[in-house]
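**Student:** Let me give you the structure first, and then I'll get to my questions.
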Amino acid sequence: MKKPKKCISVDKARREQDEWVKTRGKDIREAEGYEDTREFWYSVDELQEYLDYVKEKSKEQGVEKPGIRFYLGAYPKTKEKKSYTTMFLSPTKEAVGDAATAGEDSDPNNYEIEPMNIIQGGHPPRNY
């Protein structure tokens, strides 16, 4: 199988993660008083199951090129739990193409298909 065009090197991924930790991670840690979640894990099977679901539901709607938008969110803070970051996947009606302008919301969310969450967070929490 041929490597996808948008793959990046492991070194580049590490540099980008390190930059996040030094900048945004530091700011969050200082503001909230604890180290927040900075990684999220799904199994390939879970992701494939959701992608297949989005493709099927989109096809039923006549959407030919669905996409997936990744959002960051935060769990509500309680007396027992900190407000850790979470991430969820939300279907779009058309896939974001290379020609899309950065910051332009050219592909509307498909609110007729439920987003996917329920993940295991990491660094530091493993489950919420």
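The UniProt record's numbering applies: residue 1 is where the sequence shown begins, and numbers increase by one. Glycine included, C-beta positions come from ideal geometry on N, C-alpha and C. Fair warning: this is a prediction, and the values are worked out from it, not measured in the lab.
Expressed to the nearest angstrom, what Euclidean distance is found between the alpha-carbon atoms of Ile113 and Gly62?
**Tutor:** One C-alpha to the other measures close to 13 Å.
**Student:** Measure the C-alpha to C-alpha separation of Glu56 and Glu49 and round it to an integer number of angstroms.
**Tutor:** Answer to the nearest angstrom: the Cα atoms are 11 Å apart.
**Student:** Would you call the region 70-89 and the region 23-43 touching, i.e. three or more CB-CB distances under 8 Å?
**Tutor:** Contact between the region 70-89 and the region 23-43 is present, because at least three Cβ pairs lie under 8 Å.
**Student:** My guess is that Gly67 and Asp107 are in contact by the Cβ rule of under 8 Å, so how many angstroms apart are they, rounded?
**Tutor:** Indeed, because the Cβ distance is near 6 Å, the residues count as touching under 8 Å.
**Student:** Given this structure, state the Cα-to-Cα distance separating Pro76 from Met1, to the nearest angstrom.
**Tutor:** So the two alpha carbons sit approximately 42 Å from each other.
**Student:** For Tyr50, does the three-state DSSP call read helix, strand or coil?
**Tutor:** Reduced to three states, the DSSP call for Tyr50 is helix.
**Student:** Look at the alpha carbon of Tyr71 and the alpha carbon of Trp41, and state the distance between them as a whole number of angstroms.
**Tutor:** Approximately 14 Å, taken between the alpha carbons.
**Student:** Going by DSSP in three states, Arg69 sits in which element: helix, strand or coil?
**Tutor:** Strand at Arg69.
**Student:** What is the DSSP secondary structure of Glu16, reduced to helix, strand or coil?
**Tutor:** Correct three-state label for Glu16: helix.
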